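A short worksheet on the structure shown next.
2 protein chains.
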Amino acid sequence: MTYCVGIHVNGGLVLASDTRTSSSFDDVRVHGKMHVFEKPGECVFVLMSAGNLATTQAVIATLRRDIENPDAAFSLFSAKRLYEVADYIGKVLVANQAQAAENAQQNSVSVEATLILGGQIAGGEAAVRLIYPLGNWISTSPETPYVQIGETKYGKPILERIIDRETTLENAARCALVSFDSTIRSNVSVGLPVDLAFIRDGELRVDRQVRIDEDTEFYTEIRQAWAQKLTEAVYTLPPFPWETTT
Amino acid sequence: MTYCVGIHVNGGLVLASDTRTSSSFDDVRVHGKMHVFEKPGECVFVLMSAGNLATTQAVIATLRRDIENPDAAFSLFSAKRLYEVADYIGKVLVANQAQAAENAQQNSVSVEATLILGGQIAGGEAAVRLIYPLGNWISTSPETPYVQIGETKYGKPILERIIDRETTLENAARCALVSFDSTIRSNVSVGLPVDLAFIRDGELRVDRQVRIDEDTEFYTEIRQAWAQKLTEAVYTLPPFPWETTT
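Here you go:
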């Protein structure tokens, strides 16, 4: 399993992914699922993945090869519009899945992957897109300014209550970390370290990228503060009518 | 879908269930999933259900028939130990599933149901048990003093962080309502009204049972207060290191 979140607020984008990969309970490894492609001042893309790791790595390899190939019909760095990038990555994803699936006919392994693309191209707006295994995609919206892939349920309520377009980038990131903490506590196939990246609107580069582990001081502080604040919040909720009349 | 929670704290038991039943998107109905059996001063049982509604209703009918039948080998009101009750309900559940499954061979409908039993028998301890479709069961524990059935993920983080055996009955109930609110917001197949019941340890009856709907004043107060407190909690989390140094 995996957990990745992409958030789009007015200030820019927050992207976060865990790093746990497991092909079974006795085969758990750490692999980064966050891939950054940037040409500072021109374009920036962050791609995060859930699903088959071999498919994901094949997609990333294809994207890098196209960037380095001057004869490539299209590449991340030649794109003019973000939706073209999403279409292109979708096609690369479908092609790589199809190739692996051919060899997987006698096998129950799923070769599918799901991706989150966050980025901005000079002259265009920042955006976050969720790319499905079919190669099609959806964008965030003012009503739902975030997308999730992998183990999405445990961490959704806090995002849904807090995040809107007006949320600051840092508050959105704190909210994402709380969402990760809840997910990590409930699903052992999602695990630290967590990769966190900020793209500020118009900067056309990754403003900050941090890898957060158990001994990252600010993460410990946020987790402890959250546990305490949440307990206080429950303990100070309004009483039931029968509690006040006795 | 469904959402039910059974919580066991030192003060007693809190049981909560939603009431939405759907056989498809265009066939959504309201059915209580909380069934109370009590002989005040001798024993009290609350049974909640997720899964096939016909199976559940058949189980409840069987339990009631056995109570009313003086020749029944066993009934809820003749039981001496709560684990015997769980075993008995498990057997009734398996028998009713088997009967329906015989007729369902050409059909993809699942006839399975999952139950939560909370209760106490004079001379014994209060307990909460989750009864599986196989008829076997698990009990709450000091480490995990709650069980959930149905759509369990959205509402789990708050229970996991807050509830331990020392939590008061009313705080446990407020926490359950927050857990329901999160679940209802995320899964349209879980819906109001919510049934909430309290069994205080040693009282051997349901102390209080309330049906909570959109216009239940204390539920509105709790929801509004929760939304506000949660936002405050996120907004007052510790800053990232780079926020304090600039």
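Protein sequences appear in the order of chains A and B. Taking our numbering, the leading residue of the first sequence gets -10, the next gets one more, and so forth. Taking our numbering, the leading residue of the second sequence gets -10, the next gets one more, and so forth. All residues carry an ideal CB built from backbone N, CA and C; glycine is no exception. The structure displayed is predicted, hence computed values, not measured ones.
- For Ser175 (chain A), the C-beta contacts it makes with chain B under 9 Å involve Lys142, Lys145, Pro146, Glu149, in order along the chain.
- At a cut-off of 8 Å between beta carbons, Pro230 (chain B) contacts chain A.
- Two segments are said to touch when three or more pairs of C-beta atoms, one from each, lie closer than 8 Å; by this definition the region 168 to 179 of chain A touches the region 2 to 11 of chain A.
- Residue contact check for Asn58 (chain A) against chain B: no CB pair falls below 8 Å.
- Measuring C-alpha to C-alpha distances from Met23 (chain B) to each of B:Thr225, B:Ile138, B:Gln94, B:Gln213 identifies B:Ile138 as the nearest.
- Taken through DSSP and simplified to helix, strand or coil, Lys69 (chain B) comes out as coil.
- Per DSSP, reduced to three states, the secondary structure at Lys28 (chain A) is strand.
- Taking the Cα positions, Arg200 (chain B) is about 5 Å away from Asp184 (chain B).
- By the Cβ-count criterion, Val19 (chain B) is exposed, with fewer than 16 other Cβ atoms from all chains shown falling within 10 Å of its own Cβ.
- Pro182 (chain A) sits buried, since 16 or more C-beta atoms from the chains shown fall within 10 Å of its C-beta.
- Between Val33 (chain B) and the set B:Ile127, B:Asp76, B:Ile120, B:Ala186, the nearest pair of CA atoms involves B:Ala186.
- In the DSSP assignment, Tyr135 (chain A) falls within the beta strand (DSSP E) that extends over 135 to 139.
- According to DSSP, Phe187 (chain B) shares a beta bridge with B:Val3, B:Arg197.
- Taking C-beta atoms under 8 Å as the contact rule, Tyr135 (chain A) and Thr129 (chain A) qualify, at a distance of about 6 Å.
- C-alpha of Ile188 (chain B) to C-alpha of Glu73 (chain B): approximately 20 Å in a straight line.
- Check the Cα spacing between Asp15 (chain A) and each of A:Ala216, A:Ser38, A:Val177, A:Gln86: the tightest is with A:Val177.
- Excluding its 5 nearest sequence neighbours in each direction, Ile151 (chain A) has C-beta neighbours in its own chain below 7 Å: Cys164, listed in chain order.
- Between the region 210 to 228 of chain A and the region 215 to 228 of chain B, the count of Cβ pairs shorter than 8 Å is three or higher; the stretches touch.
- About 13 Å separates the CB atoms of Asp55 (chain B) and Ala47 (chain B); that is not less than 8 Å, and the two are not in contact.
- Counting along the chain, Leu104 (chain A) sits inside the beta strand (DSSP E) bounded by residues 102 to 110.
- For Val223 (chain B), the enclosing alpha helix (DSSP H) starts and ends at 206 to 224.
- If you ignore the 5 residues before and after Ile49 (chain A), its C-beta comes within less than 6 Å of the C-beta of His24, all in its own chain and listed in chain order.
- Between Asp153 (chain B) and Gly1 (chain B), the C-beta spacing is not below 8 Å.
- Just measuring C-alpha positions, the residue of B:Asn92, B:Gly79, B:Gly108 sitting nearest Ala102 (chain B) is B:Gly79.
- In the displayed model, Ala50 (chain A) falls within a helix according to three-state DSSP.
- In this chain, the alpha helix (DSSP H) harbouring Asp170 (chain B) covers 158 to 175.
- Interface flag for Lys80 (chain B) against chain A is unset, since no Cβ pair is found closer than 8 Å.
- Annotation for Ile147 (chain A): the continuous alpha helix (DSSP H) segment containing it runs 145 to 151.
- Straight-line spacing of the CA atoms in Glu31 (chain A) and Glu132 (chain A) works out to 29 Å.
- In the structure shown, Ala87 (chain A) falls within a helical segment according to DSSP collapsed to helix, strand and coil.
- Here Pro146 (chain B) is buried, its C-beta having at least 16 other C-beta atoms within 10 Å.
- If you draw a straight line from the Cα of Glu232 (chain A) to the Cα of Glu206 (chain B), it comes to about 14 Å.
- With respect to the 8 Å criterion, Thr10 (chain A) and Leu42 (chain A) are classified as neighbours on the basis of their beta carbons.
- By the neighbour-count criterion, in which 16 or more other beta carbons inside 10 Å mark a residue as buried, Ala75 (chain B) falls on the buried side.
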